[in-house]
């Protein structure tokens with residue numbers, strides 16, 4: 236099981252690195268920009284989690300294999316995109332959903348292992364899943380997509396809650412991991428399939444209530 | 236005294252969470268975006284402070300009650316704003332100023348407790364007060380308001396300096412806290428009342444001197 | 236040698252603080268914004284490095300002299316730019332390249348000292364050199380310049396790799412430092428002189444492959 240998780244983790248890193256590289260391409264960044272966006276997208280969420288939990292070194296400092304995987308994935312994207320013009324969008328989305336699911340359960344489990352409460356563990360799980368994409372969009376000078384539309388974070392949220400609940404009920408860890416991953420994955424795929432989204436926060440009457448603004 | 240500070244801290248968290256939720260609304264974010272902006276606005280400054288001071292776990296990891304407060308405040312804002320269209324701007328500004336004052340003194344005191352020098356303590360106090368709002372604006376893809384206009388950070392700066400000075404003069408801690416909070420609060424309210432602002436940095440002669448730009 | 240490095244480090248901090256202050260001026264920020272941008276530009280990279288390495292307190296918390304230097308440099312810029320309208324661009328670029336070179340070697344050496352592998356050390360070196368400028372641009376709501384054009388990070392990358400290699404070959408540390416600094420510096424100056432840049436990542440056929448986007 237541990238090994239399967241490890242492999243899926245690397246697959247998630249690859250997909251998120253590709254996603255970051257493509258975002259860099261959209262902003263016409265150079266090769267260095269591609270590398271940086273690939274790194275923050277795939278490693279950013281887990282890095283933030285490890286800094287907040289403060290339980291030993293950040294995962295990619297402890298296991299530099301992650302850096303090599305990101306390097307490989309981003310250079311491959313850089314080269315492949317120039318020659319290949321029909322990326323297999325459907326497969327990309329499937330792998331992306333899988334990456335989200337695995338990152339979420341890893342983050343949640345790591346938080347619980349360090350002894351945090353249930354609420355903090357859920358936050359850490361979701362953060363591991365989505366923070367990388369948020370930093371990617373910030374570096375692209377855009378309002379992060381995940382904050383705006385589509386059920387993306389909600390899948391991660393459900394996966395994290397499911398894992399925490401099963402953990403509290405003393406379920407076998409392997410079962411908790413599988414059910415958590417499936418929860419995230421299925422919700423995300425359903426959201427893509429039927430175009431689900433969360434209610435958007437719109438308020439009329441324009442008047443700003445923010446203390447700092449005019 | 237400790238209890239009063241604790242209660243005021245939570246009040247500050249509520250106000251900053253509302254401020255973050257409203258910023259999310261302005262950018263038409265969805266419910267998840269509202270939650271994230273509420274969290275970073277209200278917890279971001281203290282989180283950065285705790286990571287920099289590196290003295291034990293981040294405050295909301297140690298005391299998850301903060302997460303619940305943010306969750307409640309942001310959902311309440313999400314619901315209330317849709318039905319209620321005349322937010323009481325004046326009260327909001329007063330509470331915001333109070334939040335700024337309390338966050339500042341808490342940050343400054345926490346830094347001094349870990350043994351930092353006076354300068355670092357002032358930086359930590361101001362950071363606790365304003366960094367959350369800066370991250371909120373970055374996630375909204377805007378140049379942070381606090382860097383541009385109005386006396387906002389200056390109130391926080393004065394409150395932090397006052398606390399450090401009184402601490403160096405061995406004043407009773409309760410007195411230092413009260414005077415520091417009043418300093419920040421009064422300067423902030425005066426700035427709102429009379430529209431005070433800092434000199435803006437404008438330079439003519441356009442020629443860029445930045446090494447990286449064309 | 237240690238002393239020369241220390242002096243060059245402060246010189247780098249001054250130059251980066253000026254660069255941050257000027258960026259704040261371009262966005263018409265106020266005096267507080269100038270201070271914040273000067274701080275994040277000059278101290279941001281090293282701060283991120285120290286938080287990731289998690290080896291004792293962040294450098295400017297341990298040695299607050301850095302804060303004073305940034306404060307002085309940004310206020311001087313704030314005043315000087317208003318009266319002086321012909322900044323000596325050429326000298327600024329030379330000092331900026333020197334700052335980049337020194338920051339890079341300091342970051343790389345610090346990582347190796349804490350026992351990281353070669354790859355992580357290179358990442359830390361480059362991060363120390365360029366992350367401050369990236370945060371500066373994020374706070375200016377711009378796509379970071381260093382991700383887009385000109386050989387800037389590549390100089391830093393070469394300097395870091397050179398240092399790591401010489402370290403692995405057990406070269407005298409003084410020699411490693413000098414060769415590393417010269418590598419970064421010369422590549423950066425050559426890039427400015429001949430307008431070198433990295434290949435840009437452009438892909439045609441518009442179709443988004445990003446999982447989150449419509």
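Residue numbers (my numbering), protein chains in the order written: chain A, 236 to 449; chain B, 236 to 449; chain C, 236 to 449. Beta carbons: idealized from backbone N, C-alpha and C, even for Gly.
Considering residue 260(B), what are the terminal residues of the alpha helix (DSSP H) in which it resides?
-> 237 to 261
By Cβ distance, which residues of its chain are closer than 6 angstroms to residue 379(C), with the 5 residues on each side in sequence left out?
-> 369 and 372
Three-state secondary structure assigned by DSSP to residue 298(C) | coil
Do you know offhand how far residue 219(A)'s Cα is from residue 361(C)'s?
-> Residue 219(A) falls outside the range modelled here, since chain A spans only 236 to 449, and no answer is possible.
Using only alpha-carbon positions, find the residue among 377(B), 272(B), 340(B) and 381(B) that is nearest to residue 270(C).
-> 381(B)
To the nearest angstrom, how far is it from the Cα of residue 256(A) to the Cα of residue 398(B)?
-> 47 angstroms
Report yes if the C-beta distance between residue 280(B) and residue 363(B) is below 8 angstroms; otherwise report no.
-> yes
Within 10 angstroms of the Cβ of residue 239(A), are there 16 or more other Cβ atoms? Answer buried if so, exposed if not.
-> exposed
With a CB to CB cut of under 6 angstroms and the five nearest residues on each side skipped, what residues in its chain are close to residue 241(C)?
-> none
Say whether the segment 326 to 345 of chain A touches the segment 409 to 423 of chain A, bearing in mind that this needs 3 or more beta-carbon pairs closer than 8 angstroms, one atom from each stretch.
-> yes
Applying the criterion that 16 or more other CB atoms from any shown protein chain within 10 Å of the CB defines a buried residue, is residue 449(C) buried or exposed?
-> Caution is warranted here: a pLDDT of 31 is assigned to residue 449(C), below 50, making its placement in the model unreliable, and no coordinate value can be reported.
Report back the beta-carbon spacing between residue 433(B) and residue 265(C) to the nearest angstrom; my notes put them in contact at under 8 angstroms.
-> 4 angstroms
Scan the segment 361 to 398 of chain C and note each continuous alpha helix (DSSP H) run of 4 residues or more that stays entirely inside, going in chain order.
-> none
Sorted by chain position, which residues of the same chain lie with C-beta nearer than 6 angstroms to residue 445(B)'s C-beta, five sequence neighbours on each side aside?
-> Any reading at residue 445(B) must be qualified, since the residue scores a pLDDT of 40, below 50, and its modelled position is unreliable; the value itself is stated next. Hits under 6 angstroms: none found.
Residue range of the alpha helix (DSSP H) that residue 425(C) falls in?
-> 408 to 429
Say whether chain A places a C-beta atom closer than 8 angstroms to the C-beta of residue 238(B).
-> no
Compare the Cα-Cα distances from residue 435(C) to each of 249(A), 261(A), 395(A) and 237(A) and report the closest residue.
-> 261(A)
Per DSSP, what kind of secondary structure is residue 434(A) in: helix, strand or coil?
-> coil
In the structure shown, what three-state DSSP assignment does residue 289(B) receive?
-> coil
Status (buried if at least 16 other CB within 10 Å, exposed otherwise) for residue 431(C) = exposed
Is the Cβ of residue 418(C) closer than 8 angstroms to any Cβ of chain A?
-> no
Between the segment 251 to 273 of chain B and chain A, which residues of the former have CB atoms less than 9 angstroms from a CB of the latter, in chain order?
-> 253, 254, 256, 257, 258, 259, 260, 261, 262, 263, 264, 265, 266, 267, 268, 269, 270, 271 and 272
Anything in chain B within Cβ reach of residue 315(A), meaning under 7 angstroms, just list it in chain order.
-> Neighbours of residue 315(A) on chain B: none; closest Cβ ~29 angstroms, over 7 angstroms.
CB-CB under 6 angstroms to residue 353(C), same chain, minus the five flanking residues each way: which ones, in chain order?
-> 399
Interface partners of residue 275(A) on chain B, CB under 7 angstroms = Chain B residues near residue 275(A): none, gap ~14 angstroms exceeds 7 angstroms.
With 8 angstroms as the limit, tell me which residues of the segment 285 to 307 of chain A have their beta carbon closer than that to any beta carbon of chain B; keep them in chain order.
-> 286, 287, 288 and 289
Contact residues within the segment 365 to 380 of chain C, judged by C-beta distance below 8 angstroms to chain B | 368, 373, 374, 375, 376 and 380
Residues of chain C with a CB under 7 angstroms from the CB of residue 423(B): which are they?
-> Simply none; closest approach about 13 angstroms.
Three or more C-beta pairs closer than 8 angstroms, one from the segment 298 to 313 of chain B and one from the segment 386 to 393 of chain B: is that the case here?
-> no
Sort 340(B), 254(B) and 328(B) by Cα distance to residue 408(B) and report the nearest one.
-> 340(B)
Residues of the segment 344 to 355 of chain C with a CB closer than 7 angstroms to any CB of chain A: list them in chain order, please.
-> 351, 352, 354 and 355
Is there at least one Cβ from chain C nearer than 8 angstroms to residue 382(B)'s Cβ?
-> yes
Roughly how many angstroms lie between the CA atoms of residue 349(C) and residue 403(C), to the nearest whole one?
-> 15 angstroms
Could you tell me the distance, in whole angstroms, from the CA atom of residue 309(C) to the CA atom of residue 359(C)?
-> 26 angstroms
Given that a residue counts as buried once 16 or more other Cβ atoms are within 10 Å of its Cβ, and exposed if not, what is residue 314(C)?
-> exposed
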